[in-house]
Every structure is written in C-alpha cells, then in structure tokens.
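Novice:
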Amino acid sequence: MSVNKVILVGRLGKDPETRYTGGGQAVCNFSLATDESFKDRNGERQKRTEWHKIVVWAKQAEIAQQYLKKGSQIYLEGRIQSREWTDKEGQKRTSYEIVATNFRMLGSRAESMAAGARSSAPAGGFDHEAPAPPADDQAGPEVTDEDIPF
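Its first residue numbered 0, the sequence shown is counted upward by one per residue in numbering that gives the first Met the number 0.
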C-alpha cells in the first residue's frame with residue numbers, strides 16, 4: 000500500500016493562470032507559499048518560506064481562476080507529481096508540483112467584502128472568502144462578535 004497525499008495551507012504568490020488543452024479541459028497554475036517559524040541555535044526566531052507549484056484541472060480550475068487572487072489564503076489537498084524534461088543544454092531536469100484535488104478559501108466574509116470580492120459561492124459548496132486588505136486601506140466600522148447574527 001502507498002499514499003501520495005498533500006495538505007497545504009498558504010497564500011497565493013500570483014494570480015492563477017488558466018489555459019485549455021486541445022480537448023477543451025481547463026488547467027490552472029499558481030504558486031502557493033507556506034511559512035515555517037522556528038528558533039535557530041542562538042534562540043532567535045527564524046521564518047522560512049517554501050514555494051509550491053500548484054496545478055488544478057477541470058471545473059476546479061475554472062473556480063480557481065474565477066475566485067482566487069494573489070494573496071488569497073487557501074486550504075488545499077492534492078498529490079505530489081514529478082515532471083521531467085531536458086533543458087536547452089541537454090541536461091535532464093525534474094520539477095515537482097502539487098496536483099490539487101480540492102481547495103477551500105480561508106478568511107472571513109467581512110474580509111472578502113472589504114477586498115471587493117464576490118460573496119456568492121458557486122455550485123458545489125465552494126466557500127469564497129478572500130484575505131484581509133492591506134492595513135493602510137480604509138475599512139468600514141469595526142464588527143464585533145455581538146454584531147454577527149449566528
């Protein structure tokens with residue numbers, strides 16, 4: 000038995016790019032950053048960022064193109080896949096990518112509204128929520144837990 004499963008939570012490094020195969024199937028690519036914090040030997044806090052190449056196919060690709068933007072925070076499930084090719088100098092190269100099978104946007108509804116994003120979810124239960132806008136943007140009045148009706 001073997002398992003090839005990846006779970007990532009991170010932010011998009013660029014807007015998704017979608018293209019279509021000769022057969023008309025959508026394929027969407029974007030980069031996802033994940034961060035790790037740790038203390039070094041001197042006890043100082045360090046932060047390391049890993050960048051992941053993400054590939055999404057079919058209907059999920061179209062949803063990604065429509066709702067995801069640079070900076071969006073998402074939860075993603077998928078599998079690792081390697082791709083081999085020969086470069087211009089004749090050297091064999093290998094790259095690794097995550098083929099996403101499922102993803103969900105993270106954040107709050109208020110953040111998505113402040114970012115000017117659409118708040119309706121597509122069929123299939125995909126929750127569209129966007130990241131918070133930069134701190135220097137003008138935002139509306141502060142909302143507390145008591146203001147939320149649920």
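Virtual Cβ for every residue (Gly too), placed ideally from N, Cα, C.
Note that this is a predicted model, so its numbers are computed, not measured.
Shortest alpha-carbon distance to E35 belongs to which of A25, W56, W50, C27?
Specialist: For this step, residue 35 is matched to residue 36 along the sequence shown. Taking only the C-alpha atoms, the option nearest E35 is W50.
Novice: So is M104 buried or exposed if we call it buried at 16+ other beta carbons inside 10 Å?
Specialist: On the sequence shown, position 105 is the one that residue 104 refers to. Under this definition M104 is a buried residue.
Novice: For E96, which of helix, strand or coil comes out of DSSP?
Specialist: Here residue 96 refers to the residue found at position 97 when the sequence shown is read from its first residue. Here E96 sits in strand by DSSP.
Novice: Is the beta carbon of A32 less than 9 Å from the beta carbon of A57?
Specialist: Taking the sequence shown and counting its residues from 1, the one referred to as residue 32 is at position 33. Taking the sequence shown and counting its residues from 1, the one referred to as residue 57 is at position 58. For A32 and A57, no; Cβs fall outside 9 Å.
Novice: According to DSSP, simplified to helix, strand and coil, what is E43?
Specialist: The residue labelled residue 43 in the question sits at position 44 within the sequence shown. Residue state, collapsed to three classes: coil.
Novice: What's the call for D135, buried or exposed, on a 16-neighbour Cβ count within 10 Å?
Specialist: Mapped onto the sequence shown, residue 135 falls at position 136. The pLDDT assigned to D135 is 39, lower than 50, so where the model puts this residue is not dependable; a value taken from the coordinates is nonetheless given after this. So D135 ends up on the exposed side.
Novice: Count the other CB atoms, across all protein chains shown, that sit within 10 Å of the CB of V55; report buried if there are 16 or more and exposed otherwise.
Specialist: Taking the sequence shown and counting its residues from 1, the one referred to as residue 55 is at position 56. Under this definition V55 is a buried residue.
Novice: Contact check, L11 vs K87 under 8 Å by CB: the rounded distance?
Specialist: If you number the sequence shown from 1, residue 11 lands on position 12. If you number the sequence shown from 1, residue 87 lands on position 88. Not really, about 29 Å apart at Cβ, beyond 8 Å.
Novice: Rounded to whole angstroms, what is the Cα-Cα separation between C27 and G77?
Specialist: Taking the sequence shown and counting its residues from 1, the one referred to as residue 27 is at position 28. Taking the sequence shown and counting its residues from 1, the one referred to as residue 77 is at position 78. If you draw a straight line from the Cα of C27 to the Cα of G77, it is about 14 Å long.
Novice: Using the Cβ count rule (16 or more neighbours within 10 Å means buried), how would you classify S71?
Specialist: Within the sequence shown, numbered from 1, the residue matching residue 71 stands at position 72. Label assigned to S71: buried.
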